[in-house]
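For reference, the structure discussed in these notes is given below.
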Amino acid sequence: MKYLEEFQNPELARRLLDEIRATATRPWALMEVCGGQTHTIIRHGIDQLLPDQVELIHGPGCPVCVTPLEVIDKALEIAARPDVIFCSFGDMLRVPGSDRDLFQVRGQGGDVRVVYSPLDALKIAQQNPQREVVFFGIGFETTAPPNAMTVHQARKLGIRNFSMLVSHVRVPPAIEAIMTSPSCRVQAFLAAGHVCSVMGMGEYPELADRFRVPIVVTGFEPLDILEGIRRTVRQLERGEHTVDNAYPRAVRSEGNPAAQAMLADVFEVTDRAWRGIGTIPASGWRLSERYRDYDAEHRFSVDGITTREPAACRSGEVLQGLIKPHECEAFGTICTPRSPLGATMVSSEGACAAYYLYRRLGITPTPQEASPVA
């Protein structure tokens with residue numbers, strides 16, 4: 046299949062690794078800010094094949110993982126109401142709130158449904174005019190446009206029993222928060238290609254200049270990741286700090302103007318709390334005043350939520366790149382995908398889930414024992 050087999054070629058992977066080894070002369074710490082990239086890295090052992098000088102730090106790039114506990118608890122409260130049909134993508138159902146998850150709400154009689162598109166939820170609202178239908182809208186800039194379009198469509202069609210619980214976040218403010226942290230070790234970023242395919246690269250040059258870090262837009266296949274690392278290490282060794290597009294088959298510098306126009310119409314920028322990290326200024330979206338009637342938080346008045354994080358869970362440190370998942374004492378013992386303490390263990394893009402799924406339990410094979418691609 047095009048863009049799969051040719052971007053998993055073992056011989057090309059070896060050539061890229063050889064070039065990275067020949068280029069890296071000093072220790073460098075790179076952060077990938079997308080959970081999909083993290084899974085590719087761990088699945089194919091890319092981090093173990095790199096020279097000792099190059100370290101990959103996993104960033105807060107999993108949208109499920111960074112959804113704050115308070116929003117999860119609000120979703121649980123809304124979903125438990127008898128007049129509500131609560132719709133969500135499947136990876137949110139097992140994310141733990143303070144004392145339960147959406148699967149448990151459904152088991153206790155709540156009408157919680159898995160959908161594959163926000164438009165599915167809108168259709169459910171049309172089919173059930175006597176019920177309130179709520180869609181759980183989370184994610185980065187990648188999933189925001191279809192969610193915005195769905196709210197726009199609901200208003201256009203006059204569907205009044207539909208609303209959205211919004212918890213959208215933005216990547217550039219997160220990069221700024223990482224770089225201004227006193228504990229930051231990051232010297233360069235692999236930017237998420239799908240985010241840039243929507244928003245373009247316009248917000249990154251200022252960050253690269255201010256913090257003097259290379260930012261390389263990168264795809265998701267093994268060779269995409271290796272090429273992104275190669276370009277990043279080359280910049281670091283030369284003392285450069287520019288924005289480079291290593292994913293031109295999907296990303297244009299201007300992004301997708303139509304998607305951006307839809308976002309500007311439906312959403313407005315707001316401060317947003319990130320689970321395990323805290324509030325980052327101007328790092329999220331909420332529904333604009335024009336669409337405020339479709340905001341589930343306003344419609345259901347879910348205020349006064351008191352949250353309670355498990356004391357043993359160190360997912361916040363994982364999301365900030367301060368520790369690797371297997372360095373958490375709960376990892377693989379009291380915290381597993383079947384019984385997760387934090388969202389990083391349950392999400393399909395979570396770093397803890399990747400380490401558990403691919404048996405990265407603390408034993409690191411030598412490069413000779415690993416394979417460039419599977």
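The number in my numbering is simply the position in the sequence shown, starting from 1, with 45 added.
Backbone N, C-alpha and C define an ideal beta-carbon position, used for all residues, glycine too.
Straight across, the Cα-Cα distance linking Asp144 with Asp254 is about 44 Å.
Counting of Cβ neighbours within 10 angstroms places Glu334 among the exposed residues, the total staying below 16. The Cβ atoms of Asp156 and Val179 lie no closer than 8 Å to each other. A distance below 7 Å between beta-carbons, with the five flanking residues on each side excluded, links Ile204 to the following residues of its chain, in chain order: Leu167, Ala170 and Gln171.
As a beta-bridge residue in DSSP terms, Ile130 pairs with Asp156 and Val178. DSSP places Ala304 inside the alpha helix (DSSP H), whose first and last residues are Pro302 to Val311. Here the alpha carbons of Gly104 and Glu342 stand approximately 28 Å from one another. Annotated three-state conformation of His239 is helix, per DSSP. Ranking Asp289, Glu354, Gln280 and Arg294 by CA distance to the CA of Ala74 puts Gln280 first. Beta-bridge partners assigned by DSSP to Leu386: none are found.
DSSP places Asp316 within a strand segment (E or B) once states are collapsed to three.
By the CB criterion at 8 Å, Leu308 and Ala120 fall outside the cutoff. A residue is called buried when at least 16 other Cβ atoms come within 10 angstroms of its Cβ; Tyr161 does not meet this threshold and is exposed. Buried is the label assigned to Glu177, since at least 16 other Cβ atoms lie within 10 Å of its Cβ. The C-beta distance from Phe207 to Tyr339 rounds to 7 Å, short enough to fall under 8 Å. The alpha-carbon of Tyr403 is positioned some 28 Å away from that of Ser228. Within the segment 83-139, the complete beta strand (DSSP E) segments of 3 residues or longer fall at 99-103 and 129-133, listed in chain order. Setting aside the 5 residues that flank it on each side, Asp92 is surrounded in the same chain by Ile86 and Leu101, each with a C-beta closer than 6 Å to its C-beta; the list follows chain order. The secondary-structure analysis by DSSP pairs Phe345 with nothing; it has no beta-bridge partner. About 7 Å separates the Cβ atoms of Pro141 and Leu386, confirming a contact at the 8 Å cut-off.
DSSP, reduced to helix, strand and coil, places Asn290 within a strand of the structure shown.
Gly300 is positioned such that its CB atom lies no closer than 8 Å to that of Asp316. Gly349 and Glu122 have their C-alpha atoms roughly 11 Å apart. Nearest to Gly273 by C-alpha distance, out of Thr225, Glu374 and Glu64, is Glu64. The closest CA to that of Arg294, considering only Gly247, Gly264, Ala219 and Thr187, is found on Gly264.
Inter-residue distance for Val288 and Val391 is about 33 Å (C-alpha atoms, whole angstroms).
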